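**Student:** Its first residue numbered 1, the sequence shown is counted upward by one per residue in UniProt numbering. Even glycine gets a Cβ: it sits at the ideal position worked out from N, Cα and C. Computed from a predicted model, the values in this text were never measured in an experiment.
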Amino acid sequence: MDWANIERKRIHIVGIKGAGCAALAEILHHRGAHLSGSDNPENFYTSLMLDALKITIYHQFDQEHITKEIDLVIHSAAYNQRNVELARAVALGLSILSYPEALGKLSQQSYSIAVAGVHGKTTTTAMLGLIAKEQGWPATTLVGSLVGGFGNRATYCAGSEIFIAETCEYREHFMHFHPNAILLTAIEWDHQDYYKSPQQLRDAFFRFIQRLPNGGILLYNADDPEVMMVVAQVQEARQDLSYRSFGHLHSVDYALSHEAVAGEMNTFSLSGWVDSVAIPLAGKHNRANAGMALAMAREIALQRGIDFSGDRARQSMRSFHGLTRRLELVGYDKARNIIVLDDYAHHPTAIEKTILGLREFYPERRIILSFMSHTYSRTHALLADFARTIALADVVILHKIYASAREHKPENFSSQDLLTATEAEKVSDLYYIEEPLDALALLRTLLQPNDLFITMGAGDNFHLSHQLIKEWASW
1 MDWANIERKR
11 IHIVGIKGAG
21 CAALAEILHH
31 RGAHLSGSDN
41 PENFYTSLML
51 DALKITIYHQ
61 FDQEHITKEI
71 DLVIHSAAYN
81 QRNVELARAV
91 ALGLSILSYP
101 EALGKLSQQS
111 YSIAVAGVHG
121 KTTTTAMLGL
131 IAKEQGWPAT
141 TLVGSLVGGF
151 GNRATYCAGS
161 EIFIAETCEY
171 REHFMHFHPN
181 AILLTAIEWD
191 HQDYYKSPQQ
201 LRDAFFRFIQ
211 RLPNGGILLY
221 NADDPEVMMV
231 VAQVQEARQD
241 LSYRSFGHLH
251 SVDYALSHEA
261 VAGEMNTFSL
271 SGWVDSVAIP
281 LAGKHNRANA
291 GMALAMAREI
301 ALQRGIDFSG
311 DRARQSMRSF
321 HGLTRRLELV
331 GYDKARNIIV
341 LDDYAHHPTA
351 IEKTILGLRE
361 FYPERRIILS
371 FMSHTYSRTH
381 ALLADFARTI
391 ALADVVILHK
401 IYASAREHKP
411 ENFSSQDLLT
421 ATEAEKVSDL
431 YYIEEPLDAL
441 ALLRTLLQPN
451 DLFITMGAGD
461 NFHLSHQLIK
471 EWASW
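#1: List the DSSP bridge partners of F246.
#2: With a 10 Å radius around its C-beta and 16 neighbouring C-beta atoms as the bar for buried, classify N180 as buried or exposed.
#3: What beta strand (DSSP E) runs, 3 residues minimum, are completely inside the UniProt domain "Mur ligase C-terminal" (325-459)?
#4: Excluding the 5 residues preceding and the 5 following residue 476 in the sequence, name in chain order all residues of the same chain whose CB lies nearer than 7 Å to its CB.
#5: Compare the C-alpha of F177 against each of I164, H399 and E188 and name the closest.
#6: Using CA atoms only, rank isn't needed, just tell me which of Q467, N5, L142 and A87 is closest to V330.
#7: Please go through the segment 267-316 and give each complete beta strand (DSSP E) segment of 3 or more residues, from N-terminal end onward.
#8: Which residue from T422, S38, T167 and Q60 puts its Cα closest to that of V73?
#9: Consult DSSP for residue 497 and reduce its assignment to one of helix, strand or coil.
#10: Given W3, which residues of its chain have a CB within under 6 Å of its CB, disregarding the five upstream and five downstream residues?
#11: Could you check if Y248 is buried or exposed, using at least 16 other CB atoms within 10 Å of its CB as the buried criterion?
#12: Unbroken beta strand (DSSP E) runs of length 3 or more, entirely within the segment 155-227: which are they?
#13: Nearest to S414 by alpha carbon, out of T389, A403 and R82?
#14: Quick one, are the C-beta atoms of G149 and L128 less than 9 Å apart?
#15: Within a Cβ cutoff of 6 Å, which residues of the same chain sit near A345, ignoring the five residues on either side of it in sequence?
#16: Apart from the five residues on each side of it in sequence, which residues of its chain come closer than 8 Å, Cβ to Cβ, to A237?
#17: My output table needs one value for A102: the three-state DSSP class, helix, strand or coil.
#18: Whose CA, out of I306, T185, A381 and E26, lies closest to the CA of I162?
#19: Quick check on the DSSP output: the beta strand (DSSP E) that includes A116 runs from which residue to which?
#20: Pull the bridge partners of G37 from the DSSP assignment, please.
#21: What do you reckon, are the CB atoms on L92 and T122 nearer than 9 Å?
#22: For the beta strand (DSSP E) containing T141, name the first residue and the last one.
#23: Run through DSSP, which three-state label would A89 get?
#24: Go ahead and label Q199 buried or exposed: buried means 16 or more other beta carbons lie within 10 angstroms of its beta carbon, across all protein chains shown.
#25: Measuring alpha carbon to alpha carbon, tell me which of H65, K133 and L97 ends up nearest F88.
Okay, structure coming up:
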């Protein structure tokens with residue numbers, strides 16, 4: 001299929017409700033493709049966005065959805081040829097691509113910027129995309145979440161000259177992407193079901209950076225020790241790349257300085273180049289995310305010879321109110337001054353940064369945490385760190401481990417092990433409630449004026465924060 005001209009091509013997406021596939025569907029729809037898709041019947045946070053596209057979506061999988069008239073079948077990486085629709089596509093001899101492969105094809109049509117890293121890539125991609133939007137660049141941005149600044153969509157499409165995309169390291173999915181520039185946020189051992197050691201993960205990032213062409217840009221976080229290990233290795237092999245460093249050291253190209261929190265705004269300056277940047281998001285990590293987005297935007301403008309306004313970029317950051325499942329404000333009870341948030345943090349480092357960021361932003365508030373760990377392999381490998389970091393909250397409500405479809409439940413490890421490890425951290429108030437929604441009754445007795453309640457993790461306990469808001473009126 002000619003990816004430079006996909007108008008009126010018939011494309012079917014298996015697993016269309018997934019964050020990446022839903023975002024890809026938006027772009028393909030915007031470029032004129034005739035789309036259909038299928039997924040499980042459960043409503044996901046992408047459902048409303050997909051409904052707005054007014055495309056045919058089947059809420060179950062059935063081989064009858066696949067016909068010989070389809071030009072291309074794209075599938076989520078969560079599905080393989082055991083899926084009845086994919087099996088039918090194979091039988092009919094249709095063209096089939098996984099989501100990472102399709103994203104790679106799309107990246108070949110533009111000057112493409114990959115935002116990569118174990119932490120921060122979703123927020124940083126959204127920030128960079130919002131800057132591109134407000135600068136008026138002919139750019140398309142793809143984010144693995146819904147962005148308020150994009151009209152609660154996962155993409156913003158204003159042209160195809162530039163493509164900004166969040167790229168995923170899991171199973172080396174990013175190796176299908178064709179980057180002209182890479183923004184590297186952080187590297188830390190994760191996805192233990194695939195990467196059996198930290199070195200294996202570092203090797204994957206090294207191979208990904210090797211995909212940059214001669215003169216390609218690598219903007220990296222020099223504060224991250226594992227990033228620096230990989231960059232040092234890359235620099236030995238690739239003297240032809242354009243390296244740009246970001247961090248707190250004076251020697252970097254883009255130095256973060258004058259950091260402060262005032263009036264629920266995070267503020268900082270960047271290398272004397274742009275002063276008094278303010279973002280309405282908590283956490284030192286979000287100052288870094290914003291700083292890296294600003295730095296990469298400037299590098300893109302210089303590389304492409306396009307207009308760039310520092311003042312306009314600064315205003316973009318001030319108006320950035322986050323995205324779905326990243327410190328998302330679910331609700332606010334004005335009468336009792338209770339804040340309810342939801343966050344996707346599912347790695348100990350992300351948990352720690354998020355809770356400490358909330359402490360910095362809301363020093364007078366008690367933090368009540370609902371946490372659902374994601375995957376047995378990750379929880380087992382990082383058990384002590386999980387216990388230590390979730391114990392930073394004042395009150396902790398633990399739930400069952402949210403198992404991935406890609407793993408089997410082990411016989412000798414369960415959520416009780418996480419509970420025991422957390423008890424050893426001497427949390428003042430610790431509860432275990434298997435199913436998240438069963439914690440509603442407890443929250444009725446726990447929540448007090450001025451509290452901050454947050455659901456956290458990559459499982460489905462986000463339903464708890466949303467249901468809590470729905471039931472407030474009856475309290």
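**Tutor:** Reading off the structure:
#1: In the DSSP output, where bridge partners are listed per residue, F246 has N221 and Y254.
#2: Counting Cβ neighbours within 10 Å, N180 comes out buried, since at least 16 surround it.
#3: If we require 3 residues or more, the beta strand (DSSP E) runs fully inside the UniProt domain "Mur ligase C-terminal" (325-459) come out as 328-333, 338-343, 367-372, 395-398, 429-432 and 452-457.
#4: No answer is possible for residue 476: the residues shown for the chain start at 1 and end at 475.
#5: Ranking I164, H399 and E188 by Cα distance to F177 puts I164 first.
#6: It is Q467.
#7: Entirely contained in the segment 267-316, the beta strand (DSSP E) runs reaching 3 residues are, in chain order, 274-279.
#8: Distance from the Cα of V73 is smallest, within the candidate group T422, S38, T167 and Q60, for S38.
#9: Any question about residue 497 goes unanswered here, given that the chain covers just 1 to 475.
#10: Apart from the 5 residues on each side of it in sequence, W3 sits with its Cβ closer than 6 Å to the Cβ of K105 and Q109 in its chain, given in chain order.
#11: Per the sequence shown, the amino acid found at residue 248 is His instead of Tyr. Exposed.
#12: Runs of the beta strand (DSSP E) inside the segment 155-227: 162-166, 181-184 and 217-221.
#13: Of T389, A403 and R82, the residue nearest in Cα terms is A403.
#14: The answer is no: Cβ separation not under 9 Å.
#15: Around A345: I351, T354 and M456.
#16: Correct list, in chain order: Q210.
#17: DSSP, read as helix, strand or coil, puts A102 in helix.
#18: The shortest C-alpha to C-alpha distance from I162 to any of I306, T185, A381 and E26 is the one to I306.
#19: Residues Y111 to A116.
#20: Beta-bridge pairing links G37 to I13 and I57.
#21: In this structure, T122 does not lie closer than 9 Å to L92 by Cβ.
#22: Judged by DSSP secondary structure, T141 falls within the beta strand (DSSP E) whose first and last residues are A139 to V147.
#23: Helix.
#24: The residue in question, Q199, is exposed, as its Cβ has fewer than 16 Cβ neighbours within 10 Å.
#25: Sequence inspection shows Arg at residue 88; the Phe mentioned does not correspond to that position. Checked all of H65, K133 and L97; the closest Cα to R88 is H65.
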